[in-house]
Amino acid sequence: IRLQLGAGPLAGRHVLVTSGPTHEPIDPVRYIANRSSGAQGTAIAAALRDLGARVTFVTGPAEVAPPAGVQVVAVETARQMLDAVRAALPADAAVFAAAVADWRVANAAGHKMKKDGSGILPALEFAENPDILATVSQLTEGRPPLVVGFAAETDDVLRHATEKRARKGCDWIVANDVSPATGIMGGRENAVTIIDAHGAESWPRMDKTEVATRLAARIATALDAKGQ
Ligand code: CTP
Ligand code: CA
175 IRLQLGAGPL AGRHVLVTSG PTHEPIDPVR YIANRSSGAQ GTAIAAALRD LGARVTFVTG
235 PAEVAPPAGV QVVAVETARQ MLDAVRAALP ADAAVFAAAV ADWRVANAAG HKMKKDGSGI
295 LPALEFAENP DILATVSQLT EGRPPLVVGF AAETDDVLRH ATEKRARKGC DWIVANDVSP
355 ATGIMGGREN AVTIIDAHGA ESWPRMDKTE VATRLAARIA TALDAKGQ
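For the sequence shown, the UniProt record's numbering assigns the number 175 to the initial residue and increments by one for each residue that follows.
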């Protein structure tokens, strides 16, 4: 095997990837989170690295270990993830694969909440987290030339994903159907549709690493076409 530094179609490019869930504390020992192993984001970061990109990998507490050869920034909450993403810019492309918790607990306790025997249950109040993908997509200064979001949906996948792309202002949305019958959630495989300004392109069901390889190649092609 010949390893050539600085080679590959993404050599000289900086790509930012978010991955994994975020954890939003309830108290020091409890949290709320989305289901996410971090497998798809990790595979994407590795595939971008393999094409020669310098990769900043901003990850929540994932099950899967981060890939070697990327700059890992470990965060816990959505707000920490946004700060880390801002700090990692500028980038030539940004891929938002994280399953960010939409809400955080506004009345999180600084101490462990105890059952006090009174039968009174804790009441959690929620606050909406910042939308990291939308924030970066709508930057007027320093927006990455290519911004890619994900949309995991359980019904009306194409319609929801197309609307999501428009609402957030990203360039591509990688949509997938995660309804229980597909068995996609938590599995090794994924079946995605890429939605861009021109329309929708559906890929057959394949290993998450293969989805990552194809997506990285598509990113390289798009950046080349931009000629920047
Ligand atoms: N995302 C993000 N920050 C958030 C929420 C979502 O960056 N606070 C990103 C995800 O990483 C993903 C995309 O936005 O790339 C879509 O996430 P999704 O949860 O499907 O979208 P939402 O706008 O949160 O809509 P929904 O009500 O369907 O959850
Ligand atoms: Ca969400």
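All residues carry an ideal CB built from backbone N, CA and C; glycine is no exception.
The structure displayed is predicted, hence computed values, not measured ones.
I'd like the span of the alpha helix (DSSP H) that includes T309, first residue to last.
Your numbering for residue 309 matches position 135 in the sequence shown. I306 to S311 is the span of the alpha helix (DSSP H), which, as asked, contains T309.
Here's the rule: buried if 16 or more other CB atoms are within 10 angstroms of the residue's CB, otherwise exposed. What is A239?
On the sequence shown, residue 239 is found 65 positions in, with the first residue counted as 1. Exposed.
If you run the structure through DSSP and keep just helix, strand and coil, what is G323?
Within the sequence shown, the letter at position 149 stands for residue 323. Reduced to three states, the DSSP call for G323 is strand.
Assign F342 to buried or exposed, taking buried as 16 or more other Cβ atoms, counted over all protein chains shown, within 10 Å of its Cβ.
Reading the sequence shown from its first residue, position 168 is the one you call residue 342. Reading off the sequence shown, one finds Lys at residue 342, where the question assumed Phe. Under this definition K342 is a buried residue.
Taking the alpha-carbon positions, what's the A340 to H372 distance?
For the purposes of this step, residue 340 is identified with residue 166 of the sequence shown, where counting begins at 1. For the purposes of this step, residue 372 is identified with residue 198 of the sequence shown, where counting begins at 1. The straight-line gap from Cα to Cα measures roughly 13 Å.
Between the Cα of G243 and those of L225, A258, A236 and T251, spot the shortest distance and give me the residue it belongs to.
For this step, residue 243 is matched to residue 69 along the sequence shown. Residue L225 is the option with its Cα nearest to G243.
If you draw a straight line from the alpha carbon of I294 to that of A283, how long is it in whole angstroms?
Numbered from 1 along the sequence shown, position 120 holds the residue referred to as residue 294. Numbered from 1 along the sequence shown, position 109 holds the residue referred to as residue 283. Each residue's alpha carbon lies about 16 Å from the other.
Could you check what DSSP says for R181 in three-state terms: helix, strand or coil?
The residue you call residue 181 lines up with position 7 of the sequence shown. This sequence places Ala at residue 181; Arg is not what is there. The three-state reading of DSSP puts A181 in coil, since its state is none of H, G, I, E or B.
What I want to know is whether the C-beta of I294 ends up closer than 7 Å to one or more non-hydrogen atoms of ligand 1.
Taking the sequence shown and counting its residues from 1, the one referred to as residue 294 is at position 120. No, ligand 1 has no heavy atom inside 7 Å of this Cβ.
Please determine, among D345, I347 and N364, the residue with the shortest C-alpha to C-alpha distance to S353.
The residue labelled residue 353 in the question sits at position 179 within the sequence shown. Nearest of D345, I347 and N364 to S353, Cα basis: N364.
With a 10 Å radius around its C-beta and 16 neighbouring C-beta atoms as the bar for buried, classify V191 as buried or exposed.
Numbered from 1 along the sequence shown, position 17 holds the residue referred to as residue 191. By the 10 Å Cβ count, V191 comes out buried.
Classify residue 459: buried if its beta carbon has 16 or more other beta carbons within 10 angstroms, exposed otherwise.
The structure shown does not extend to residue 459, since the chain spans only 175 to 402, so no value can be given for it.
Would you report the Cα separation of R379 and R362, rounded to the nearest angstrom?
Taking the first residue of the sequence shown as 1, we reach residue 379 at position 205. Taking the first residue of the sequence shown as 1, we reach residue 362 at position 188. Their Cα atoms are separated by approximately 10 Å.
Please list, in chain order, all residues of the same chain as E315 whose beta carbon is under 8 Å from its beta carbon, the five residues on each side excluded.
One-based indexing of the sequence shown puts residue 315 at position 141. Nothing meets the Cβ criterion.
Taking one C-beta from the stretch 379 to 395 and one from the stretch 244 to 258 each time, how about it: are there three or more such pairs within less than 8 Å?
no
Given I393, which residues of its chain have a CB within under 6 Å of its CB, disregarding the five upstream and five downstream residues?
On the sequence shown, position 219 is the one that residue 393 refers to. The answer, listed in chain order, is A267.
Span of the alpha helix (DSSP H) holding L222?
Here residue 222 refers to the residue found at position 48 of the sequence shown. Start and end: A213 to D224.
How is L190 classed by DSSP in three states: helix, strand or coil?
Position 16 of the sequence shown, counting from 1, holds the residue named residue 190. L190 falls in the strand class under three-state DSSP.
Helix, strand or coil for I347, going by three-state DSSP, please let me know.
To locate residue 347, count along the sequence shown from 1; it is residue 173. I347: strand per DSSP, three-state reduction.
Give the DSSP-derived three-state secondary structure of D266 in the structure shown.
The residue labelled residue 266 in the question sits at position 92 within the sequence shown. Looking at D266 - three-state DSSP - the assignment turns out to be coil, as it is neither helix nor strand.
Exposed or buried, what is K288 when buried is set at 16 or more other beta-carbons lying within 10 Å of its beta-carbon?
By 1-based counting over the sequence shown, the position of residue 288 is 114. Under this definition K288 is an exposed residue.
To the nearest angstrom, how far is the alpha carbon of D201 from that of I306?
One-based indexing of the sequence shown puts residue 201 at position 27. One-based indexing of the sequence shown puts residue 306 at position 132. Near 24 Å, if we compare the C-alpha coordinates of I306 and D201.
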